[in-house]
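Below is one structure, written out as structure tokens; comments come after it.
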Amino acid sequence: MLIRLFSMIFLFLCFAASSFAQGPDPKPLLNQLADANFSQAETLVGQIATIGDPRVVPALEAFAEGDLYFRKSDKAVFLAKAAGSQLELIDPVTGESAGQVAKGAVTKIRVNNNLRRAIRAALGGLTLMSPDRGVRLSAADSILRSPSAEALELVEAALAKETDAEVKARMEEARAVSLLSSDRSVDEKRAAIETISSLGGREAMRIFSTVSSSIDESLKPEVDKAIAKIQGQLQIWDLAQNVWYGMSLGSVLLLAAIGLAITFGVMGIINMAHGEMVMLGAYSTFMVQDVIRDNAPYLFDWSLAIALPVAFLVTGLVGFVIERGVIRFLYGRPLETLLATWGVSLILQQAIRTIFGPTNQEVGNPSWMSGSFPLGGMTITYNRMWIIVFSLTIFFTLLFVMKKTAYGLNMRAVTQNRRMASSMGIRTPWVDALTFALGSGIAGIAGVALSQIDNVSPNLGQSYIIDSFMVVVFGGVGNLWGTLVGALSLGILNKFLEPSVGAVLGKILVLVLIILFIQKRPRGLFALKGRAVEA
Amino acid sequence: MNFRMKLGGALLAAALSTTAFHGAFAADDTIKIGVLHSLSGTMAISETTLKDAMLMLIEEQNKKGGVLGKKLEAVVVDPASDWPLFAEKARQLISQDKVAAVFGCWTSSSRKSVLPVFEELNSILFYPVQYEGEESSRNIFYTGAAPNQQAIPAVDYLAATEGVERWVLAGTDYVYPQTTNKILKAYLMSKGVKEEDIMVNYTPFGHSDWQTIVSDIKKFGSAGKKTAVVSTINGDANVPFYKELGNQGIKAEDIPVVAFSVGEEELAGLDTKPLVGHLAAWNYFQSVDAPVNAEFIKTWHAYTKNDKRVTNDPMEAAYIGFNAWVKAVEAAGTTDTDAVLDSIIGVAVPNLSGGTSTVMPNHHITKPVLIGEIQADGQFDIVQETPAVVGDEWSDYLPDSKDLISDWRKPMSCGNFNVATGKCGGKGS
Amino acid sequence: MISGFILRALEGKIVIAAGILLAVAMLVPALNLLTPPDSAFHIPTYVMALMGKYLCYALLALALDLVWGYCGILSLGHGAFFALGGYAMGMYLMRQIGSRGTYGNPDLPDFMVFLNWKELPWFWYGFDMFPFAMLMVLVVPGLLAFFFGWFAFRSRVNGVYLSIITQAMTYALMLAFFRNDMGFGGNNGLTDFKDILGFQVQAGGTRAVLFAMSAIMLALCLIVASAITRSKFGKVLVGVRDAESRVRFLGFRVENIKLFTFVVSAMFAGIAGALFVPQVGIINPGEFAPANSIEVVVWTAVGGRGTLIGPIIGAILVNAGKSYFTGAFPEFWLFALGGLFIAVTLFLPKGIVGTIQHGWNARKALKAAAEAEKGRDAGTPPVTQQVQAAE
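Protein chains in written order, with my numbering: chain A, 13 to 547; chain B, 101 to 529; chain C, 55 to 445.
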């Protein structure tokens, strides 16, 4: 076994060395791409890969990205980079610059999904020995995703040289996967099944279901056993995944509702313009990103951090103006605030539509908000995770402001007994205006976060307003903790209903349950007690 | 008491004068054209662009001297995404403003709402959006795609080129996705796809939490067969759907998604880098390489004074419909509805993908089907183009409509002729 | 004696309003049908259809006013009752199409045929009969209101909580009716009606009759509402609105009073919906949208809640404005509408009619005070009492 491995490595090294020295030049093959259709190009990519020349890696990567062009005059293939209004051509093999040309002088070599798959497999094989650890890891990954018997020997060769534990483990898996579709002995395959089944998760499931029809009869029971075992694990993980999804949905509801918990819950204003505050927050994010894109692209990853105070100030200011201009005349007439704020919401929506146009605006995700990482058998996406963290941070900050600061004390005093508070020397109008501005500002901050997962359009607010009211009422008006518990429990309930009854019916059921729940507890989950309630 | 009577009278007068006011400006040397697209409410996001496109087309036509020597005049109204209001506004355009034809509607609900009005008042509507088929009215021209001009070629492409064997049909729960998915399911099963290899999933309008569904798709796709998603998800819900797809790491190479409601306009709100390779099927993409398209895009940018505004398929449909109407009016020498209805059938006008589109006797048009892959710049790279296909109003894959045809030429003049019974009017009674 | 006087005066107002409505019911169709199109007095069909729609909205606003203005229940879900009435009517109209649908299926509406339904769902049975459908127009909204109210009022859910759960109700119904599996045509709803009681829906005569029916039904409901609010029961109702606990302590069953009013109001809304559908030609789940119900609240507030004529005027005024502005200033009409709502809440908190009535009553009270001054010896009751009664 060991001897065989060594001889393999030797062979491979010879092969690699020789290809550097006198292997066929990949350039003619690359140039053929200019005339090839999709299926011919696929064959060509395979041929280029078998040459094994690592110098073609950049060319293949560019091909997958759609950055490979051919010159119209002589059908020579180049990589191209934008250089002002022109394109800079780069030799696909040597990487040397070949001068600049006008965009019209070259034609892009088109690529489709099949080709991308072929290129990915080819790159996997070519980059297994790369000096860069990350590249090796992704090479092993791409073999894991598109295994083939041909890749097996390459993986084994790379495995022997590998020193990094994590990369090694990944390569072991890639080897096992490739081995299953090769013609190696049953014993080796049995060992491979063992490796894959300890890998677990959806990926292993996919591999087993792919091979289960073609594998030797004698191995069938083991594959079936492994599938059953993984299925059992997955069921438990599914449960965890649902809780996670529920929390994530709950955190979105919490974000949407938390500003309302102040303007509606604490101040008693039926604030129909709340959704528009969220929307304004999202548009502030868009504006900030727009400025950053034009002036300081390197700040893009910080755009959300910059957008937070901007959104808070913008929406807080708008809230302040609304309170001073409209709502202050309506205290003590809560139902009429509904009408006035409804009017405000129509005006804000149309104003945004007039200024920015009715279409969606692009709000980008900074790199730390994109992608996902696996946690056991579940996938955690970064944006959802940060939104959960973010919403809880806002919640506890707000709680602190309300309970522990002098301003919070004033605010509670005014909302509980306006005249008494006024007699104690609190400037009630000022506190009212600040409180409404605070609620609006927090809605704006929520808009920053929601812009990461939803459309940024003039309709954004409308889609959250009803849910927000449900959350606040369900949790209990006037109680921040109620809003938290309400949002999370509605989120989780929704996500547990969704798989069994579907998204539409799930949502209807949640609404019906809220209606029934209110009959049981007419003042929500955490009802305020005392005489103030009756007022 | 007196006051109340006066008030009542004033109201009546106000209602009357509203209409009188509209009528007063009817000048004889212009031809009026109604533009019936929502400028507010949920559909404004898609429809406002079409309003702009129509105004541009009318302006361009006027530069060329108008039609029949008269200038065209656009009458724009806002039906506010409210379906009964669509019917009201249609009635207003036809009977008060006396428009020669109306260009408008987006959703099927709005079309269904105005259909009886157009038939009653005998006017013409050009409907520019892809739809579920199963309709053919004497007074409506469907210049968007019928299912066979979009859905079926897309599925064929995936099966042939990418070897897809397992299908997720995901859509928003309304009539277009339901019908399209019914047709697709019947079609796939007729091609030998097994029932367990098809997963159908519906979500509410404006659905924004896609975590569960995307992970279900992942689960469904890990059964060892090549899987693809056919998405009839409605406009607004697409952005969060694609964001979730990108974040959960579903790449086009693994599980491609082909969409019928996602065009350049929808992608404008998205970072498309993680989505490269996902597909869409339309009859037009902005990236089409044709001189007529380059010209159109240039005019559009000049008209909107914004060279970032994208063009999309419904705009092309509006373009075809408008030009067909102009040509038919010139052939008929009048804007009279009956004359135009006669002269428009068979009219061929250039489309923006470099070919021509012909108005067929079933009031649908011929168009090529393009399959495009999403690029990092928010545009589509066309990976397949079929020859022009005739829009099929009555699907061959639904049991109750496969015997129906539509032909509005005399002497048949029937929208639902049953070839099995030889009678007009469906099954007959 | 004085309360009797006021009662008579108020009833007089209602009678006049009902009279105007009846006159409109006769006059408008007559002007539409009998005068030539180029005559100065001609009312085009388009305007008549529009006015018919306003009258249906006015009836809906009246229904809301009954529970909100008189009983203090702010329902944000009245659009649901309206839509249910509309659906009941729509189902009758769909069944009347019979085999004239595009597929020629004698039993199934088109949307069921192309979604491969094989037989009519049970809840569609009976809707081919007009009397049954009309019964359902009242019963379906009434039953929903009854069960909803039964639970809600018994558990003493009130104030904003009640408003929000009525909103949840209409929102849930909207989502449900959007589902194609429900068998109500999904988002396209019910449309392309052919005839009603054998008459073509689109024919001029049918339209005229439908218009007249809307005006007459509005007049009838106005009189019924007036009878309710002017009766002893009506006084209790206002008591519930202003001081619910006190009325309860006086021994009234507040929940039953509320329930009765809520159910009557829902039935009014159902009738409005049923008249709306054949005139507009479509009913779809969009009518359940919470925003629609909020708009009804706005009409009522603009016109003046707590008066019976106010909501009618509010509904007609706001909708006429909407019709005009959506045509004249399509890009900017939302600013006007939004501005109107703010202005009304700030400057006319009692609504148009309420403000006028208030001014009128104040003037009358002044006059009465002056008269009382003159004829104190004649034994008229003290002024304060009169003013209170007038308020």
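All residues carry an ideal CB built from backbone N, CA and C; glycine is no exception.
Bear in mind the structure is a predicted one, so any value in this text is a computation, not a measurement.
Check, Outcome
"Anticipated Cβ contact below 8 Å, Ser457 (chain B) with Gly233 (chain B), distance rounded", "The pair is not a contact, with the Cβ atoms about 17 Å apart (cut-off 8 Å)."
"Reduced DSSP secondary structure (H/G/I, E/B, other) of Arg266 (chain B)", "strand"
"Collapsed DSSP secondary structure at Gln362 (chain A) in the structure displayed", "helix"
"Chain C contact for Ser209 (chain B) (CB, 8 Å cutoff)", "yes"
"Exposed unless 16 or more other CB atoms sit within 10 angstroms - verdict on Tyr310 (chain A)", "exposed"
"DSSP-derived helix/strand/coil call for Gly408 (chain C)", "helix"
"C-alpha distance - Phe276 (chain A) paired with Arg430 (chain A), whole-angstrom precision", "16 Å"
"Candidates A:Gly64, A:Lys120, A:Glu77 and A:Gln59: closest to Ala88 (chain A) by CA position", "A:Lys120"
"First through last residue of the beta strand (DSSP E) which encompasses Thr393 (chain A)", "Met390 to Thr393"
"6 Å CB neighbourhood of Met148 (chain C) in its chain, flanking five on each side removed", "Pro163 and Leu244"
"Lys519 (chain A) at chain C interface by Cβ criterion, 8 Å", "yes"
"Min CB distance Gly244 (chain B) to chain C below 8 Å", "no"
"Residue nearest to Ala79 (chain C) in terms of C-alpha spacing, selected from C:Arg307, C:Met267, C:Ala187 and C:Asn338", "C:Met267"
"Selection of the region 125 to 151 of chain A by Cβ proximity to chain B, strictly under 8 Å", "Asn125, Asn126, Arg128, Arg129 and Arg132"
"Short CB-CB distance (under 8 Å) between Glu188 (chain B) and chain C", "yes"
"Status (buried if at least 16 other CB within 10 Å, exposed otherwise) for Asp273 (chain B)", "buried"
"Cβ-based burial, Phe125 (chain B) [other Cβ within 10 Å; buried from 16]", "Interpretation of Phe125 (chain B) is limited by its pLDDT of 44, a score under 50 that renders its predicted location unreliable; the figure taken from the coordinates is listed afterwards. Under this definition Phe125 (chain B) is an exposed residue."
"Closest Cα partner of Ile194 (chain B) within the set B:Val214, B:Trp206 and B:Ala328", "B:Val214"
"Neighbour flag for Leu104 (chain C) against chain B, beta carbons, 8 Å", "yes"
"Residues of its chain near Phe247 (chain C), where Cβ-Cβ distance is below 6 Å and the 5 sequence neighbours each way are ignored", "Leu147 and Val255"
"For Tyr257 (chain B) and Gly530 (chain B), believed in contact at Cβ under 8 Å, the rounded distance", "Since the first residue shown for chain B is 101 and the last is 529, residue 530 (chain B) is missing from the structure and cannot be characterised."
"C-alpha distance - Ser140 (chain B) paired with Phe168 (chain C), whole-angstrom precision", "32 Å"
"Partners in chain C for Ala337 (chain B), counting only beta-carbon separations shorter than 7 Å", "Those do not exist, as Ala337 (chain B) stays about 13 Å from chain C at its closest Cβ, beyond 7 Å."
"Leu23 (chain A) classed as buried or exposed, judged by whether at least 16 other C-beta atoms fall within 10 angstroms", "Residue placement at Leu23 (chain A) is poorly supported in this model, since its pLDDT is 47, which falls under 50; the coordinates are not used for a value here."
"Chain-order list of residues whose beta-carbon lies under 6 Å from that of Met166 (chain C) (same chain, five-residue window excluded)", "none"
"CA nearest to the CA of Cys110 (chain C), picked from C:Phe287, C:Val301 and C:Ile325", "C:Ile325"
"Among B:Val357, B:Ala418, B:Leu221 and B:Leu441, nearest to Val429 (chain B) - alpha-carbon criterion", "B:Leu441"
"Distance, Gly393 (chain C) Cα to Val121 (chain C) Cα", "26 Å"
"Asn377 (chain A), DSSP secondary structure in three states", "coil"
"Ala72 (chain C) (DSSP reduced to helix, strand or coil)", "helix"
"Counted within 10 angstroms of its Cβ, other Cβ atoms place Phe121 (chain B) as buried (16 or more) or exposed", "Note that Phe121 (chain B) has pLDDT 41, beneath the 50 cutoff, so the model's placement of it is unreliable and the number below is only indicative. Result: exposed."
"Cβ separation of Asn516 (chain B) and Gly525 (chain B), assumed to be a contact under 8 Å, to the nearest whole Å", "6 Å"
"Within-8 Å CB hit, Gly355 (chain A) to chain C", "yes"
"Proximity winner among B:Lys291, B:Val275 and B:Ser361, relative to Pro241 (chain C) (alpha-carbon distances)", "In the sequence under discussion, the amino acid at residue 241 (chain C) is Asn, which differs from the Pro named in the question. It is B:Val275."
"Runs of beta strand (DSSP E) wholly within the region 137 to 194 of chain B (minimum 3 residues, chain order)", "171 to 177"
"Check whether Met284 (chain A) and Thr353 (chain A) have beta carbons under 8 Å apart", "yes"
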